[in-house]
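Structure, as structure tokens:
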Amino acid sequence: MDTIPQRHEDDLGLHHLQVLDVLLAERSLTRAARVLNITQPALSKTLAKLRTYFGDPLFVRVALRMEPTPKALALAEPVRGILERMRALRSDHVAFDPATSSRTFSFFIIDAGGAQMLPPLINRLANGAPGVHVQAVNCDAQHIDLWLESGLVDLAIGSFPGLTQGVRRQPLWRERYVAVTRRGHPRLGARPDLAAFIAEQHVLVTAAGTGHEHLSVERAVEAAVPREKIVCRVPMFTTAALIACRSDAVVLLPMTLGRMLADEMGLQLVTPPLDLPEIEVAMYWHDRVHRESGNQWIRGVLRELFQQHASAVAEA
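For the record, in the sequence shown the residue sitting at position 125 is 125 according to UniProt numbering, with numbers rising by one throughout.
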């Protein structure tokens with residue numbers, strides 16, 4: 001009788017290929033470990049197994065990056081194909097049932113969007129999909145398209161006009177900006193003139209290198225506020241808000257986040273005397289999961305939640 005051959009201990013599993021796929025996109029052990037949610041020692045051990053299996057170093061350190069060898073580059077397409085075929089097999093033959101699913105959905109989302117989206121989403125899941133989990137992924141923002149394509153990220157939420165090829169989008173709402181200061185600020189009231197506004201110290205949330213449309217707001221502030229008055233730059237809106245509530249600095253936040261944090265942090269909402277653009281916040285997903293039942297379901301949940309949010313923004 002024929003028997004199924006036993007798996008040899010030197011064979012690779014799908015998780016090994018997933019590690020290789022992530023390393024090819026990130027070119028960094030630290031970032032890849034963060035995306036995969038594993039420790040760096042575990043990642044290094046897997047990379048060693050891959051190097052032995054393929055008889056090639058696969059990645060070499062150049063300055064601060066891990067650059068792929070020609071062998072690794074040659075493996076990129078077939079490895080991606082294997083991973084996509086396995087995901088397709090699962091999604092084609094396992095119907096998604098939110099009531100019984102234990103699936104984890106991964107989102108790329110900036111902190112402002114996470115603060116608005118995650119609380120109502122978690123409440124919604126608790127009531128109708130108790131086994132479903134969500135994970136906010138902090139991947140390299142310049143490679144969001146690769147994360148969507150690979151399936152390591154199910155959705156991206158924000159304002160990324162550069163995401164076009166192979167990526168679908170659903171507009172959610174248009175976001176305006178408001179300035180915040182601590183309550184009882186010694187010089188600024190709710191409607192300062194331009195001279196008073198730009199005379200204060202400013203903390204600027206920077207989107208440089210992320211492809212996020214917040215960059216247009218950042219540039220507008222830089223054009224109006226003297227360089228010496230921009231005393232600090234940070235990557236997250238919530239960090240900037242904490243600085244504002246504990247100093248006399250001025251911070252620009254998305255309107256919905258500013259209102260959310262005003263009472264919790266003791267912040268004063270200030271109408272900025274600047275001509276600031278509105279940005280369109282959208283949901284992005286890759287073509288290959290457009291008809292996948294689980295991705296369709298989570299998109300529907302988010303559309304419903306954000307329709308309520310968009311109505312509140314429009315009425316404000």
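The beta-carbon is built from N, C-alpha and C at its ideal position, and this holds for glycine as well.
Buried or exposed: which applies to V217, given that a residue is buried once 16 or more other Cβ atoms fall within 10 Å of its Cβ? buried
*Proximity below 8 Å, CB of I230 to CB of H202*: yes
(request) Leaving out five residues on either side along the sequence, give the residues of the same chain with a beta carbon under 7 Å from the beta carbon of R103. (result) V132 and G294
Exercise. Around the C-beta of H212, are 16 or more other C-beta atoms found within 10 angstroms, so that it is buried, or is it exposed?
Worked result: buried
Counted within 10 angstroms of its Cβ, other Cβ atoms place S44 as buried (16 or more) or exposed: With fewer than 16 other Cβ atoms within 10 Å, it is exposed.
Run the CB neighbour count on R219, radius 10 Å, all protein chains shown included, and call it buried at 16 or more, exposed below.
exposed
Exercise. Check the Cβ-Cβ distances between V234 and every residue of chain B, and say whether any is below 8 Å.
Key: Here chain B cannot be found, since the structure has a single protein chain.
(request) Could you check which residue in D145, L146, A179 and L305 has the C-alpha nearest to that of C245? (result) Ranked by Cα distance from C245, the options D145, L146, A179 and L305 are led by A179.
field: Limits of the unbroken alpha helix (DSSP H) element including M260
entry: M255 to M265
Going by the CB atoms, is the gap between L148 and V221 shorter than 8 Å?
no
task: Taking only the alpha-carbon atoms, compute the straight-line gap between G128 and G300 and give it to the nearest angstrom.
output: Whole-angstrom Cα-Cα distance: 13 Å.
| query | Sorted by chain position, which residues of the same chain lie with C-beta nearer than 6 Å to C232's C-beta, five sequence neighbours on each side aside? | reply | V203
Three-way DSSP call (helix, strand, coil) for A156 in this model
strand
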